[in-house]
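Participant: This is the structure I want to talk about, given as structure tokens.
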């Protein structure tokens, strides 16, 4: 299906590979993190074998997520810069949520909500990395005063919970908007999908195509 | 005392509490009379002997503290302070440092591993090392900077108040061995009485500020000190004046945690309601019967998009 006439390559192979590697690492890091923040869910650390193994692996998985997101940042940041037409999306967020596609919202490769998600993910991973290094007992925690450990644990919890909530929303919206998950698995979306959800992006692609022709 | 006498257990919700029914045991306490201590370190040796600890031999750094700090292999430590009094006198203040066995233990509050820290009905706070995961949260939770994490096995260690000796009716090894009787052990009530007698003696001898250290901020402790300068506990190698579980730790456990639980539940509920209400967001061309279809051929610029001009263009890759 990859080269059918009505398909558009939306996400390249390396980007998809990066995305799904992050999914695996983030799932394991997030579930083990939840197991410590909400001990009622302590069974979640068993995805990594034992609670002790989870404690040992969690920081490395977090760093893997950070590295993956660095690549994502490099690849996607220019699509996620705010533009003036983002305000149209904000003004029409109600019709977006009601799946009302009658209005043209001048949406580029990513809509304003996706851009906010992008920047919030990037900022929370920075907080998680820095606080995580401070509280990493096996290697670094001993070099920091206790008041700093306390703040690091609090910051890590806030950023971790925030990121998990964001990713829950991200997963839901991917399930809700049909064609998105196929897009991230195969890389391809249909032209009508692009026109419907990212009209300006679809137009730009069309213009580019006719330029070439 | 037996394993059924655990009344508090780390990472255990108040909805599913530790066994409560046999909580009728006498609360115990260790009373350390700092004014009678001669700094012989017999208690340190007894602790190492009984608990089978072999700390690494360190080098002398010019002070009597040996080893330099509490350690996974050193659960109690004499801390020496040379205090100059107002009349140019010298007081050698020697405090036996170690776990205070708080009534409201910060370590237990912070610990995320179920059952890695427990509190017995008699007041002893104990680390169950096989359940410990080595995260170090107990270090952040403790107002006295007591727990230490081992580099050998990534587990937290501290004084157990010789819970194994107490279980068979013996006193802690340090109390047993102290040659001056500076360490007494018994019921908390008895120890408070003993302390009151000693404090009265000290006050009679001119130590007007002598008193008992049993800080209320952590609900009292099951290790207490008699101090000549109870008004200035900081003189004794930084003993905190009003120890409390840090507001940061309390905010994390008592505010952020319930708020995050509500946020998570609301998020899941809202997403489910949205999906049930709106249904999947399908592409109109794939479903010709869908509402509000927008075809490329009937694109007319009647929407708000027409109002925005000079939009920056982002060419797709």
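Protein chains in written order, with our numbering: chain V, 217 to 429; chain W, 3 to 319. All C-beta atoms, glycine included, are put in the ideal place defined by N, C-alpha and C. Since the structure is predicted, the reported quantities are computational estimates derived from the model, not experimental observations.
1. Of all Cβ atoms in chain W, is any one closer than 9 Å to the Cβ of residue 254 of chain V?
2. Alpha carbons only, please: which of V:397, V:253, V:245 is nearest the one belonging to residue 12 of chain W?
3. Measuring only the C-alpha atoms, how far is residue 376 of chain V from residue 138 of chain W?
4. Beta carbon of residue 178 of chain W, beta carbon of residue 219 of chain W: below 9 Å?
5. DSSP three-state label for residue 99 of chain W, please.
6. Which residues does DSSP pair with residue 94 of chain W in a beta bridge?
7. Based on the DSSP output, what are the partners of residue 129 of chain W in its beta bridges?
8. State yes or no: is the beta carbon of residue 362 of chain V nearer than 9 Å to at least one beta carbon in chain W?
9. Compare the C-beta of residue 114 of chain W against all C-beta atoms of chain V and say whether one is closer than 9 Å.
10. So which residues of chain V does residue 151 of chain W contact, with C-beta pairs closer than 9 Å?
11. Can you tell me which of the three DSSP states residue 424 of chain V falls into?
12. Which residue comes first and which comes last in the beta strand (DSSP E) that contains residue 35 of chain W?
13. Alpha carbons only, please: which of W:221, W:182, W:174, W:199 is nearest the one belonging to residue 188 of chain W?
14. Starting from the beta carbon of residue 279 of chain V, find every residue of chain W whose beta carbon is closer than 8 Å, and list them in chain order.
15. Show which residues of chain V have a CB atom less than 8 Å away from the CB atom of residue 265 of chain W.
16. Would you say residue 236 of chain V lies against chain W (beta-carbon separation less than 9 Å)?
17. With 16 as the cutoff for other CB atoms within 10 Å, does residue 70 of chain W come out buried or exposed?
18. Taking Cβ positions only, does residue 147 of chain W come closer than 9 Å to chain V?
19. Just checking: is the beta-carbon of residue 276 of chain W within a distance shorter than 9 Å of some beta-carbon in chain V?
20. Check the Cβ of residue 366 of chain V against every Cβ in chain W and list those closer than 7 Å, keeping chain order.
21. Of all the options W:144, W:118, W:97, which has the alpha carbon lying nearest to the alpha carbon of residue 249 of chain W?
22. Helix, strand or coil for residue 110 of chain W per DSSP?
23. Between residue 232 of chain V and chain W, is the shortest Cβ-Cβ distance under 9 Å, so that the two count as touching?
24. For residue 104 of chain W, collect the residues of the same chain with a Cβ closer than 7 Å to its Cβ; drop the 5 residues on either side in sequence, then sort them by chain order.
25. Could you name the residues of the stretch 305-332 of chain V whose beta carbon sits closer than 8 Å to any beta carbon of chain W, in the order they occur along the chain?
26. Check whether the Cβ atoms of residue 282 of chain W and residue 244 of chain W lie closer than 9 Å to each other.
27. Could you confirm whether any beta carbon from chain W is found closer than 9 Å to the beta carbon of residue 258 of chain V?
28. Taking all protein chains shown into account, decide if residue 7 of chain W is buried (16 or more other Cβ within 10 angstroms of its Cβ) or exposed.
29. What first and last residue would you give for the beta strand (DSSP E) that runs through residue 187 of chain W?
30. Does the Cβ of residue 228 of chain W have 16 or more other Cβ atoms within 10 Å, making it buried, or fewer, making it exposed?
31. In whole angstroms, what separates the C-alpha of residue 406 of chain V from that of residue 383 of chain V?
32. In terms of alpha-carbon separation, which member of V:307, V:420, V:335, V:241 lies closest to residue 273 of chain V?
33. What residue from V:362, V:339, V:340 has the CA that sits closest to residue 350 of chain V's CA?
34. Measuring only the C-alpha atoms, how far is residue 262 of chain V from residue 368 of chain V?
35. Do residue 245 of chain V and residue 281 of chain V come within 9 Å of each other at the CB atom, strictly closer than that value?
36. Quick one: which chain W residues come within Cβ less than 8 Å of residue 348 of chain V?
Facilitator: Let me lay it out:
1. yes
2. V:253
3. 18 Å
4. no
5. strand
6. W:84
7. W:119
8. yes
9. yes
10. 353, 354, 357, 358
11. helix
12. According to the DSSP assignment, residue 35 of chain W belongs to the beta strand (DSSP E) that extends over 30-35.
13. Proximity to residue 188 of chain W across W:221, W:182, W:174, W:199 peaks at W:174, based on C-alpha coordinates.
14. In chain order: nothing, as chain W lies at least about 17 Å away.
15. 377, 381
16. Closer than 9 Å: no.
17. Looking at its Cβ environment, which holds fewer than 16 other Cβ atoms inside 10 Å, residue 70 of chain W is exposed.
18. yes
19. In terms of beta-carbon proximity, residue 276 of chain W lines the interface with chain V, with at least one pair separated by less than 9 Å.
20. 142, 248, 250, 251
21. W:144
22. helix
23. no
24. 127, 220, 221, 223.
25. 307, 308, 313, 314, 315, 316, 317, 318, 319, 320, 321, 322, 324, 325
26. Result no, Cβ atoms of residue 282 of chain W and residue 244 of chain W do not sit closer than 9 Å.
27. Yes - at least one Cβ of chain W is within 9 Å of the one on residue 258 of chain V.
28. Flag for residue 7 of chain W reads buried.
29. 185-189
30. buried
31. 25 Å
32. V:241
33. Nearest to residue 350 of chain V by C-alpha distance, out of V:362, V:339, V:340, is V:362.
34. 25 Å
35. yes
36. Chain W residues near residue 348 of chain V: none, gap ~12 Å exceeds 8 Å.
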